[in-house]
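First the structure, in the form of structure tokens, and then the observations on it.
There are 2 protein chains.
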Amino acid sequence: MRPQIVLFGDSITEQSFRSGGWGASLTDTYSRKADVLVRGYGGYNTIWALFLLHHIFPLDSSKPPVATTVFFGANDAALLGRSSESQHVPIEEYKDNLRKIACHLKECNPTMLIALITPPPVDEERNYARTNEATGTYAKGCIEVAKELGLFSVDLWSKMQETEGWQKKYLRDGLHLTPEGNRVVYKEVISVFNETRLSAEEMPLDCPRQSEINPKNPEKAFQQKCL
Amino acid sequence: MRPQIVLFGDSITEQSFRSGGWGASLTDTYSRKADVLVRGYGGYNTIWALFLLHHIFPLDSSKPPVATTVFFGANDAALLGRSSESQHVPIEEYKDNLRKIACHLKECNPTMLIALITPPPVDEERNYARTNEATGTYAKGCIEVAKELGLFSVDLWSKMQETEGWQKKYLRDGLHLTPEGNRVVYKEVISVFNETRLSAEEMPLDCPRQSEINPKNPEKAFQQKCL
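Residue numbers (the numbering used here), protein chains in the order written: chain A, 1 to 227; chain H, 1001 to 1227.
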């Protein structure tokens, strides 16, 4: 019934409804306007994400999502020869997988708003499977694909590093986000959405506000305002 | 695709995705298992809720929700002669409206898990439109309807008052919930769900865990485990 916004990604998306989470904040912002559905898969890289495309975004859906955030790369960037190497995906393959994801989403709904989000930076003191520099290469690749395909993007890797002490302020364990880190994702994503027709402020409420209901004749407001 | 759990109610439901909110916590618990959809309408009483039934829960839906929380009464209990009297609904009419809501939901899906939640208690020092005693009458009425119709229920009004200092601990403004108050709702609702087939722990994940994926042959896990 309501437009749907899908959050597609790895654990940073899966955990986005914990206290202070960016997914919960988006849901709150789109309250009575759009449904936010979380499709986060802990540990997944873009190779495994491809297997989910037809499952999560069937091409024959009569009501495909109006927007999707695509937030992979933190696992793809795990280094060979270290503890998480089974998640590693070479950079060119990562970029190509992002292209495939975006193409599928466009096929699903040609007007879908697609926002690619780069992986966050890495605090190497607490995460031994990754380097910040290597993850930066994936972030750069993600932004390049967004530009190439005319998609929206959030350069989280760069944005977070603009703030002194980002390592502890934004990262809970060197990779996953603190509530403050979640706040950054929320602000960046909502600022992308606000540039578009999906600006929450401009979307209509699904039913009358309380102030529009005349208690003596409530029918009228519901006849006029129920979308 | 995934089973849907709907949260139907007034502002206490609408605000349930703010930081620490009970709706966000439910979404996190059902991550990769069920979608939680918020249908909260600030200021609404059960009279106005009735206008939304066919809109939110169409009878011809091919995939109706598997569970719905029904959380009204805080506004119905607003007293006549005080500032929020336009929201007032007489107690017997409130009970009858809850019956109508429950019957519609059962018609929508005969196996739907329906949980009625009573309004929270009121801190009269900070909310002048209500008394705690009057709201207690609505809470009692809500529990009676649940028993009468064989529905699940959460007696939030009683539960919260078991804790010393509930007024400030659980209520932000005398009526709406603090993060601690949200925690109580979450714990009570999840404990109801845990008694049923919708226990999150027993519901299957929608796709393989990372640990089930063999990086050298990922197809296999997806063929076996994608629901």
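Ideal Cβ positions, reconstructed from N, Cα and C, are used throughout, including at glycine.
query: Element boundaries [beta strand (DSSP E), containing glycine 1039 of chain H]; result: The residue you asked about is not glycine; residue 1039 of chain H is arginine in the sequence shown. Its beta strand (DSSP E) spans residues 1035-1040.
query: Cα-Cα separation, asparagine 45 of chain A to glycine 21 of chain A; result: 21 Å
query: Alpha-carbon to alpha-carbon, asparagine 1217 of chain H and arginine 130 of chain A; result: 24 Å
query: Sub-7 Å separation of threonine 118 of chain A and tryptophan 166 of chain A beta-carbons; result: no
query: Any non-hydrogen atom of the ligand SAH closer than 6 Å to arginine 1197 of chain H Cβ; result: What this structure holds is no ligand at all, so the ligand SAH is not there to describe.
query: Sequence-distant residues of its chain with Cβ nearer than 7 Å to isoleucine 114 of chain A (five each side left out); result: Thr68, Val70, Ala102, Leu105, Leu151 and Phe152
query: Cβ of leucine 37 of chain A within 7 Å of any chain H Cβ; result: yes
query: Cross-chain neighbours of glutamine 1210 of chain H in chain A, by beta carbon under 7 Å; result: Gly42, Gly43 and Tyr44
query: Residues within the stretch 1189-1201 of chain H neighbouring chain A, beta-carbon criterion of under 8 Å; result: none
query: Proximity below 7 Å, CB of proline 1064 of chain H to CB of alanine 1034 of chain H; result: no
query: For glutamine 1015 of chain H, three-class secondary structure by DSSP; result: coil
query: When A:Lys95, A:Glu85 and A:Gly43 are compared against threonine 137 of chain A, the one with the closest alpha-carbon; result: A:Lys95
query: Boundaries of the alpha helix (DSSP H) in which phenylalanine 1193 of chain H is found, first to last residue; result: 1179-1194
query: Short Cβ contact (7 Å threshold) for alanine 1077 of chain H with threonine 1029 of chain H; result: no
query: Beta carbon of glycine 40 of chain A nearer than 7 Å to that of glycine 9 of chain A; result: yes
query: Burial state of histidine 1176 of chain H, where buried means 16 or more other Cβ atoms lie within 10 Å; result: buried
query: Proximal chain H residues relative to phenylalanine 72 of chain A, where beta-carbon distance stays under 8 Å; result: Simply none; closest approach about 13 Å.
query: Residue-chain proximity (histidine 55 of chain A, chain H), Cβ-Cβ < 7 Å; result: yes
query: Three-state secondary structure (DSSP) of threonine 118 of chain A; result: coil
query: Test: glycine 20 of chain A CB closer than 7 Å to a CB of chain H; result: yes
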